[in-house]
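For reference, the structure discussed in these notes is given below.
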Amino acid sequence: MATVEQVRVRVEEIIRATLKLDSDIELDPDSDLVKEIGLDSIEAFESVALLHEMLGVRIPEDLDPKAMGTITNLAAYIVGKYDAAKVDAFMAIDVAARLASMHEGGELA
Amino acid sequence: MKLLAAQIERYIPHRVPFNFVESAEVLGKGDISGICSWKPDNPIFTGHFPDFPVVPGVLIVEAAAQLAGVLIAYNAEQRGLRMGDSSSVDMVGMLIGIRRASFHRPVLPDSRIFFKVTLGNALGGMISASAEGYSESNDKTVKCELSVAIANKSNLAGVPGVQSTAPIRTS
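These protein sequences, in sequence, are chains S and B. If you count by the numbering used here, then the first sequence holds residues 571 to 679, one letter each, in order. If you count by the numbering used here, then the second sequence holds residues 795 to 965, one letter each, in order.
Below, the structure written as structure tokens:
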């Protein structure tokens, strides 16, 4: 099963995708996502929702807000909450390809 | 539970010319179907477009969001809460995000879209939803994914996410 450190890299990819950050910009995985990194609550929701979609689960109703505090906390939450098969499937996802397929659309009316 | 226009107005604050839900049916806690339409005398058609009236795509997404709002308010009512219907109710659903939308054919005045809307992830008063809409001849017309926030009308500055608490900071 993937480690927290490995999952952290994947979570960071998703946060970067939500914020549309360039890959050369470094994100501190232990900084508070809202107070320090600057996500507003909509971006935080989108990030957490996207992360759960990629895990193939709904956001649990009892999700501890502390789990969403930092990238490291999110990774630890995933490793602690979900079984090895789900985490390994999450790690195998091509985030860029998945996001591209989510965003492909038709012609604007 | 089937809902007609007057009942829909109980759940969302939208009114003519911006209420596009003609009727709806709550299929379950997370699913609603509904029919949306645009009357030919809707003022939007004077400009979109003067010689070829067609429903703007953004309004088709708005129609899906209105149906999501109906279901969210209906679910709230089942829990003894009221939101959305009038000036006496302070809570309202606000469209906060459109992740994806595709429009597969033009929607003309007086035509109807048959929607199916499914609620998804929910967290902190924000709820995602996906919608598909079909024409009367059952042709795929629209697909979209959106997010709605339950907001307090009297404190819109406090709508989740309107203000960021800090600039984007990197290490």
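Here a beta-carbon is modelled for each residue, glycine too, at the ideal position from N, C-alpha and C. As the structure is a prediction and not an experimental result, all values here were calculated from the model.
Local Cβ density within 10 Å of P834 (chain B), reported as buried at 16 or more and exposed below that: Answer is exposed; the Cβ neighbour count stays below 16.
Could you check what DSSP says for E677 (chain S) in three-state terms: helix, strand or coil? In this prediction, E677 (chain S) scores a pLDDT of 40, lower than 50, which makes its location untrustworthy; the coordinate-derived value is nonetheless stated afterwards. Three-state DSSP puts E677 (chain S) in coil, outside helix and strand.
Of the listed residues S:L597, S:D592, S:V604 and S:Q576, nearest to M638 (chain S) (C-alpha basis): In this structure, S:V604 is the residue among S:L597, S:D592, S:V604 and S:Q576 with its C-alpha nearest to the C-alpha of M638 (chain S).
Residues of its chain near K656 (chain S), where Cβ-Cβ distance is below 8 Å and the 5 sequence neighbours each way are ignored: In its chain, beyond the 5 residues on either side, L625, G626 and V627 have a beta carbon closer than 8 Å to the beta carbon of K656 (chain S).
Does the beta-carbon of L609 (chain S) have 16 or more other beta-carbons within 10 angstroms, so that it is buried, or is it exposed? Label assigned to L609 (chain S): buried.
Per-residue DSSP class, three states only, for E596 (chain S): Of the three classes helix, strand and coil, the one that applies to E596 (chain S) here is coil, per DSSP.
Within 7 Å, strictly: CB atoms of H622 (chain S) and N915 (chain B): Against a cut-off of 7 Å, the Cβ pair of N915 (chain B) and H622 (chain S) comes out as a contact.
Buried or exposed for A867 (chain B), please, with buried defined as at least 16 other CB atoms from any protein chain shown within 10 angstroms of its CB. Buried, by the Cβ-count rule.
Pull the bridge partners of I944 (chain B) from the DSSP assignment, please. Paired residues: B:G887.
Chain B contacts from the stretch 614-628 of chain S (Cβ-Cβ distance under 9 Å): Those residues of the stretch 614-628 of chain S placed with their C-beta closer than 9 Å to a C-beta in chain B are A614, F615, E616, V618, A619, L620, H622, E623 and R628, ordered along the chain.
Near L589 (chain S), which residues of its chain fall below 6 Å by C-beta distance, leaving aside the five closest residues on each side in sequence? Taking C-beta separations shorter than 6 Å and ignoring five residues to either side along the sequence, L589 (chain S) has no partners in its chain.
How would you list, in chain order, the residues of chain S whose beta-carbon sits under 8 Å from the beta-carbon of N836 (chain B)? Close partners of N836 (chain B) in chain S (Cβ separation under 8 Å) are lacking, with about 15 Å as the shortest Cβ gap.
Using only alpha-carbon positions, find the residue among B:E871, B:D845, B:L821 and B:I826 that is nearest to P903 (chain B). With distances taken between Cα atoms, P903 (chain B) lies closest to B:D845.
Which class does Y868 (chain B) belong to by DSSP, given the choice of helix, strand or coil? Residue state, collapsed to three classes: helix.
If distances are taken between C-alpha atoms only, which option among B:K910, B:K823, B:V815 and B:P900 comes closest to V848 (chain B)? Nearest option by C-alpha distance: B:P900.
Check M920 (chain B) in the structure and name its three-state DSSP category. If DSSP states are grouped into helix, strand and coil, M920 (chain B) belongs with the strands.
Report yes or no: is there a C-beta of chain S within less than 7 Å of the C-beta of M885 (chain B)? For M885 (chain B), the answer is no, since every Cβ of chain S falls outside 7 Å of its Cβ.
So that I know if they touch, is there some Cβ in chain B lying closer than 7 Å to that of L678 (chain S)? Annotation note: pLDDT 41 at L678 (chain S) (below 50); position unreliable, no value reported.
What are the complete alpha helix (DSSP H) segments, minimum 4 residues, inside the stretch 598-648 of chain S? Runs of the alpha helix (DSSP H) inside the stretch 598-648 of chain S: 611-625.
Examine the Cβ distances between the stretch 904-912 of chain B and the stretch 926-942 of chain B and report whether three or more of them are shorter than 8 Å. The stretch 904-912 of chain B, when compared against the stretch 926-942 of chain B, does touch it at the 8 Å Cβ threshold.
Between S922 (chain B) and chain D, is there a C-beta pair that is closer than 7 Å? Note that chain D does not occur in the displayed structure, where the protein chains are S and B.
Let me see if you follow: with CB-CB separation under 7 Å, is L798 (chain B) close to chain S or not? Not one beta carbon of chain S lies nearer than 7 Å to the beta carbon of L798 (chain B).
By a C-beta neighbour count over all protein chains shown, 10 Å radius and 16 as the cutoff for buried, is Q872 (chain B) buried or exposed? With fewer than 16 other beta carbons inside 10 angstroms of its own, Q872 (chain B) counts as exposed.
Alpha carbon to alpha carbon, how far is G918 (chain B) from F615 (chain S)? Give it in angstroms, no decimals. Straight-line spacing of the CA atoms in F615 (chain S) and G918 (chain B) works out to 8 Å.
Minimum C-alpha distance to E816 (chain B) - residue among B:L861, B:P850 and B:G841: Closest option to E816 (chain B), Cα to Cα, is B:L861.
On a CA-only basis, which of S:A662, S:D664, S:F660 and S:I648 is nearest V574 (chain S)? Give me that one, please. Measuring C-alpha to C-alpha distances from V574 (chain S) to each of S:A662, S:D664, S:F660 and S:I648 identifies S:I648 as the nearest.
Report buried or exposed for F843 (chain B), applying the criterion of at least 16 other Cβ atoms within 10 angstroms of its Cβ. F843 (chain B) comes out exposed.
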